[in-house]
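Single-structure report; data block below.
Residue numbers (the numbering used here): 362 to 480.
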């Protein structure tokens, strides 16, 4: 993954439906965030992206920039060309998308348990 900073998105919980969501803390393209957008963790397929566009659901791009994960709101003007990363829909309580969930960090092995002092 990359370095975790104050602008890195975090996995959290929707306060209303208690679903696991991705909390956006910064929009890389606009350099700001209005409100507290929450995204579904599911990585969307092209068909699901098309359904979101047709129904007017906001989409976000999770991509890497300078070694860290960043989020950018997708619009008709950005991105102009395909780019690396994953696309996520803004969270709406009760919606379940079929597909894999995003993994932000590799699981870390548990720290060894020390039973004796090292001296």
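Note that CB positions come from ideal geometry on N, CA and C, so glycine has one too.
Unbroken beta strand (DSSP E) run spanning residue i, endpoints
{"i": "residue 420", "result": "420-426"}
{"i": "residue 371", "result": "371-374"}
{"i": "residue 384", "result": "381-384"}
{"i": "residue 450", "result": "447-450"}
Whole-angstrom distance between residue j and residue i, CA atom to CA atom
{"i": "residue 364", "j": "residue 413", "result": "For residue 364, the predicted model reports a pLDDT of 44, less than 50, meaning its position is unreliable; a value from the coordinates is still stated below. Roughly 31 Å between the two C-alpha positions."}
{"i": "residue 421", "j": "residue 436", "result": "9 Å"}
{"i": "residue 377", "j": "residue 480", "result": "51 Å"}
Residues near residue i by beta carbon distance below 8 Å, same chain, minus five either side
{"i": "residue 458", "result": "401, 403, 405, 409 and 450"}
{"i": "residue 399", "result": "373, 375, 382, 383, 384, 385, 451 and 452"}
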